[in-house]
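So the sequence lines, in the order shown, correspond to chains A and B.
The numbering used here puts the first residue of the first sequence at 1030, with every later residue one more than the last.
The numbering used here puts the first residue of the second sequence at 931, with every later residue one more than the last.
Note that the Cβ used here is the ideal one computed from N, Cα and C, for glycine as well.
From a predicted model like this one, the values you see are computed outputs, not experimental measurements.
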Amino acid sequence: MLEVIEGGIQTTVQEYPGRVGYLDLGTYPAGPMDHFAFRIANLLVGNKPGTSALEVTLGGLKVRFGDRRIVSITGAAMQPTVNGSPVPTWQSFEVRPGDLLALGMVKIAGGFRSYIAINGGFDVPEYMGSRATFTVGGFGGFQGRGLKKGDKVALNFAPYADKLAGRRLRNQLIPTYASEWEIEVMRGPQADPDYLTAEDMETFFSKTWKVDRNSNRMGIRLEPHKWHWARTTGGIAGGHPSNILDNGYAVWTVNVCGDQPIILVADGPSLGGFICNATLVHASTWKAGQLVPGRDQVRFKEVTIEEAIRMARDLDAKVSEASVERE
Amino acid sequence: MVAPNATNRAIIDCLPASGERPEVVYRYAGDRFLLLEYGDMVLDLRMNFRIFGLNDAIAKAEIKGLVETVPALRSMLIHYDSLALSPKRLVDTLKKLEENLPSVENLTIPSRRVQLPLAFEDRHTKGDIERYVKYTRQDAPNIINGHNIEYIAQYNGLKDKAEVIEYICATQWWNACIGFWPGLPFMFPLDPRYAIVTPKYNPTRPWTVEGAVGIGGPCVAIYPVASPGGYQLFGRTIPIFDLQQRNPVFKENPILLKAADRVEWVPVSDEELEDIRARVHSGVYQYKVVAYEALNVKSYLQFLESVKDEVATFQKRQAEATKHVAVP
């Protein structure tokens, strides 16, 4: 059991890959914003990589443990302490009944979300086949919402295993969270020359985009931009050339609503009537999850399908025992 | 028309139009999704029927590595695992299915008929509109006598409120796709003689009650939860989404409607709706869902042909009326 002393800005129970298979009913998959740090956290405590764990946004979480557990914290640096003493990140450690785990706030160092995995995972009910919290719909996870002071969150039974403490991710595999990011995308589905001009797409790839402070688990807003557009109107779909007849939105696509590009992320809308000029590839989506709203900047790098598949294999291969070393 | 893929890197492949088959374009949407589109960007329910025909064929083909499909008006988003199924192999399979797909006329689409009670100008949508006038826009031309229905009448050249209600209830509403929000249907009239259209709110409305029913362009939607919105409201129905799954109809998941469902409106009074909603929540109301009455496209197209002249007359009447009505 975990008792929440402070819920922090937004702390949710997530599971990977989330609520997959309901896009045709209008439901995005939810799940962790950074699937790499999330899976590594689970790996370090001996869980299957997709096991339910906590996503902490910005920081401020305080929890008290009711039993002896193995814990790991990955992702953005939030200066975690147990009973006031610093504990390592990207490395598993032991907690005992009554221990207080506290996370500070994200500092200049970079990154926006951290992950806390606990051996056994969280004992919350599945909703539509998943334990991932979908913040927009208010379902899944712990009562469909972020954790609050006073919540008592049950953990699954897990036999205590000493040998799970002190496992850490090899140093060279720990990602760096800068304030300027390069995110790999594939062009399309609606790019040039039919929806935007070649010049628009060139600008899209050469420009450094500021991340708007109004960003969350639904969408990451980038600064508005005056596009040239290949069409003068959206025709039957609407007056603006960014309008199209409503179609399904790929998860992690760049949606251009009028002037504003928005990366549609874990809890986004499943369908709509605006073009999407590029789509993040599986191996780069985790970076979007670590963007600091109102501060970070992004450049998009175009990759081919072959490169994207190779990157996905490489990234997924890192989520394995071979990446773990003992303290 | 779409440029050849040599100059359009978003396009994986195309299948040229042939006979009654529209051009098919396969687009990249990252390394896990593919977007398939039929023909030009026009609203034509036949394209939507074909999407459902293809959706059926895909389900039957049991393609290994395919995760899910998202049918929409003239497109389908396909989610696949590119580590198990290469996009090239997926496109090849889809093209083969396309070649073997029956013509639209010969499609029979599994479809459920869902009867939903509808209280026109109910107390809650009235309240939403009142608040809009008070806090958002006082001079909205789309609000007449505290509601949107008289505006809908004017915009479409209909006599009065009663005729709008008659039109809305005279046709079944085809749910072409679900999305944006969990369970939100995008519905179009199957009988074009009653195809009313409206512009949307400007600016959008900060509040809309759960269960509100409204129209934007030619499309009717039901609000699954309370949310902002831009559609002209005409009333309220019963829940189509219930997180708490209080009624047996929500046992499997909290979402009532599926794509390719047909909704029929049954007019009820404001009080009756309140009573039905209470029974929905206590679990005793039985939703009127007639399972799998297939839609036979051939007879539907014959029907369209038979009402062609009436449709043209109505469209002329609409076009004439629209000229004299202010847009929000």
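Residues near residue i in its chain [Cβ-Cβ closer than 6 Å; skip 5 each side]
| i | result |
| --- | --- |
| B/S1033 | E950 |
| A/P1322 | V1240, R1242 and S1244 |
| A/T1314 | W1281 |
| A/S1101 | A1070, L1073, V1074, S1121 and A1146 |
| A/I1292 | I1249, V1283 and A1317 |
| B/V1257 | P1129 |
| A/P1109 | I1102, V1116 and L1132 |
| A/A1066 | T1103, G1104 and Y1144 |
Short CB-CB distance (under 8 Å) between residue i and chain A
| i | result |
| --- | --- |
| B/H1009 | yes |
| B/A933 | Its pLDDT being 45, under 50, B/A933 is placed unreliably in this model, and the value from its coordinates should be taken loosely. By this cut-off, B/A933 is an interface position. |
| B/L1024 | no |
| B/I1152 | no |
| B/M971 | yes |
| B/R1043 | no |
| B/D961 | yes |
| B/T1128 | no |
| B/R1176 | no |
| B/K1056 | no |
| B/R976 | no |
| B/L965 | yes |
| B/L1173 | yes |
| B/E953 | no |
Simplified DSSP assignment, three categories, for residue i
| i | result |
| --- | --- |
| B/N1078 | coil |
| B/D1069 | coil |
| B/P934 | Residue placement at B/P934 is flagged as unreliable, the pLDDT there being 45, under the threshold of 50; the coordinate-derived value follows with that caveat. Coil at B/P934, not helix or strand. |
| A/L1052 | helix |
| B/Q1248 | helix |
| A/G1318 | helix |
| B/G1057 | helix |
| B/N1086 | helix |
| B/V1034 | helix |
| A/G1264 | helix |
| A/M1230 | helix |
| A/Q1201 | helix |
| B/V1210 | helix |
| B/D1205 | helix |
| B/A1106 | strand |
| B/D1239 | helix |
First and last residue of the uninterrupted beta strand (DSSP E) at residue i
| i | result |
| --- | --- |
| A/M1107 | Here A/M1107 belongs to no beta strand (DSSP E), and DSSP marks it neither H nor E. |
| B/W1195 | R1192 to V1198 |
| A/R1355 | V1353 to R1355 |
| A/R1196 | R1196 to L1198 |
| A/Y1144 | R1142 to I1147 |
| B/V1219 | K1218 to V1220 |
| A/I1034 | L1031 to G1036 |
| B/I1126 | Where B/I1126 is concerned, there is no enclosing beta strand (DSSP E), given that its DSSP letter is neither H nor E. |
Span of the alpha helix (DSSP H) around residue i
| i | result |
| --- | --- |
| A/L1072 | H1064 to L1073 |
| B/L1027 | P1017 to N1030 |
| B/S1236 | V1227 to S1236 |
| A/K1330 | Segment Q1326 to E1331 is the beta strand (DSSP E) holding A/K1330; no alpha helix (DSSP H) there. |
| A/R1342 | I1334 to K1347 |
Own chain, CB closer than 8 Å to residue i, minus 5 neighbours either side, in chain order
| i | result |
| --- | --- |
| B/I1082 | L1088, V1094, I1126, T1128, I1145, Q1162 and F1164 |
| B/I1206 | P1047, I1168, V1198 and Y1215 |
| B/A940 | R957 and Y958 |
| B/I1073 | I1059, Y1062, V1063 and Y1081 |
| B/Y1222 | P1040, S1041 and R1042 |
Nonlocal neighbours in the same chain, by C-beta distance under 7 Å from residue i, ignoring five residues either side
| i | result |
| --- | --- |
| A/A1259 | D1221, P1222, D1223, Y1224, L1225 and T1226 |
| A/A1207 | G1139 |
| B/M1006 | L966, I981, L984, N985, T999 and V1000 |
| A/K1077 | N1071 |
| B/L1231 | E1035 |
| B/T1101 | P1119, L1120, D1121 and Y1124 |
| B/T1055 | V1139, A1142, L1163, G1165 and R1166 |
Proximity test, Cβ basis, 8 Å: residue i and chain B
| i | result |
| --- | --- |
| A/N1200 | no |
| A/D1389 | There is no way to answer for residue 1389 of chain A, as the model of chain A reaches only from 1030 to 1356. |
| A/I1273 | yes |
| A/F1168 | yes |
| A/W1256 | no |
| A/R1216 | yes |
| A/Q1043 | no |
| A/S1159 | no |
| A/C1305 | yes |
| A/W1281 | yes |
Identify every run of the beta strand (DSSP E) within the segment 953-1011 of chain B, keeping only runs that are complete inside it and at least 3 residues long; order them along the chain.
954-959, 963-968, 996-1001 and 1005-1010
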